[in-house]
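Written below as structure tokens is the structure these notes are about.
In the UniProt record's numbering, the protein residues as written are 1 to 286.
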């Protein structure tokens with residue numbers, strides 16, 4: 001039961017103008033809550049549109065090794081989740097020794113600013129790597145492509161323009177795109193060089209893209225160590241990511257194009273000798 005004083009206070013609250021003020025306050029709170037929910041939902045939707053859903057694990061195409069389960073989602077730019085990466089090649093087997101093996105890969109080149117510096121470091125240390133080249137970049141810098149091949153490195157098709165949507169196209173268009181980029185890259189070399197691998201831009205794989213790459217004569221090439229050098233986290237962070245995550249059979253992802261890569265160059269300069277000191281043999285994915 002309410003006391004007389006409490007009944008007086010309640011009547012005051014429920015009488016004008018207090019009732020209007022309470023109604024206005026509750027309405028404002030409800031509107032703010034609704035707006036917050038809508039904004040958060042929109043942010044989540046835009047993240048999915050920006051990055052794409054995590055690719056499904058698919059059965060390997062004929063002639064390719066079975067793919068393992070999905071790795072933990074790769075970290076990306078602050079505030080933007082990147083899709084989980086499922087490397088097609090988690091191990092490397094192109095080795096005739098008992099030493100642990102590691103494969104270095106470089107994406108988004110060739111570029112006159114950075115690719116020659118990477119090649120210099122590799123040459124100084126007697127190390128081979130795989131270069132995942134963008135077709136238009138290769139056509140614009142044929143001399144660098146020629147040097148890559150002449151020094152014994154491998155080439156990988158990374159589409160003509162770094163088209164991250166290639167895996168979402170119809171299979172006939174997808175096949176046309178891969179044939180074009182692979183053909184453009186191979187004709188830069190005289191005689192034409194065989195392109196062994198295909199790497200999906202941003203790691204946006206699909207079962208159909210795996211299959212088309214195999215039909216085009218290329219093995220889908222993923223990675224198991226993402227240095228995140230494309231985010232320019234600092235040379236120390238790039239070095240630490242490799243030192244903490246590299247394991248026997250690792251495929252390591254660097255970039256020699258697509259933006260400023262001074263941090264990557266310095267990190268590679270430090271990491272190649274370090275990996276050699278750890279007893280690693282540098283091989284091609286197989």
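Ideal placement from N, C-alpha and C gives every residue a C-beta, glycine not left out.
Burial state of residue i (16 or more Cβ within 10 Å)
| i | result |
| --- | --- |
| residue 191 | exposed |
| residue 281 | buried |
| residue 89 | Low per-residue confidence applies at residue 89: pLDDT is 39, beneath 50, and the placement is therefore not dependable enough to give any value. |
| residue 173 | exposed |
| residue 211 | buried |
| residue 54 | In this predicted model, residue 54 has a pLDDT of only 32, less than 50, meaning its place in the structure is not dependable; the value taken from the coordinates is given anyway. Buried, because 16 or more other Cβ atoms sit within 10 Å of the Cβ of residue 54. |
| residue 260 | exposed |
| residue 230 | buried |
| residue 151 | exposed |
| residue 273 | exposed |
| residue 226 | buried |
| residue 202 | buried |
| residue 94 | Bear in mind that the predicted position of residue 94 carries a pLDDT of just 47, short of 50, making it too unreliable to give a figure here. |
| residue 247 | exposed |
Check whether residue i and residue j have beta carbons under 7 Å apart
| i | j | result |
| --- | --- | --- |
| residue 216 | residue 179 | yes |
| residue 244 | residue 263 | no |
| residue 155 | residue 193 | yes |
| residue 255 | residue 157 | no |
| residue 103 | residue 283 | yes |
| residue 224 | residue 200 | no |
| residue 204 | residue 164 | yes |
Three-state class that DSSP yields for residue i in the structure shown
| i | result |
| --- | --- |
| residue 269 | helix |
| residue 190 | coil |
| residue 116 | helix |
| residue 231 | helix |
| residue 173 | helix |
| residue 159 | coil |
| residue 109 | strand |
| residue 262 | helix |
| residue 142 | helix |
| residue 248 | coil |
Alpha carbon of residue i to alpha carbon of residue j, nearest angstrom
| i | j | result |
| --- | --- | --- |
| residue 239 | residue 188 | 33 Å |
| residue 115 | residue 258 | 11 Å |
| residue 170 | residue 214 | 16 Å |
| residue 166 | residue 177 | 8 Å |
| residue 112 | residue 100 | 32 Å |
| residue 135 | residue 127 | 24 Å |
| residue 131 | residue 285 | 12 Å |
| residue 41 | residue 105 | The pLDDT assigned to residue 41 is 42, lower than 50, so where the model puts this residue is not dependable, and the model offers no usable value. |
| residue 278 | residue 220 | 28 Å |
| residue 196 | residue 234 | 32 Å |
| residue 143 | residue 122 | 17 Å |
| residue 124 | residue 118 | 10 Å |
| residue 153 | residue 168 | 30 Å |
| residue 182 | residue 159 | 8 Å |
| residue 139 | residue 184 | 7 Å |
| residue 242 | residue 270 | 11 Å |
| residue 109 | residue 98 | 32 Å |
Residue i at chain B interface by Cβ criterion, 7 Å
| i | result |
| --- | --- |
| residue 272 | Looking for chain B here will not work: only one protein chain is present. |
8 Å contact criterion, which residue i and residue j should meet: CB distance rounded
| i | j | result |
| --- | --- | --- |
| residue 133 | residue 149 | The Cβ separation is near 11 Å, so there is no contact. |
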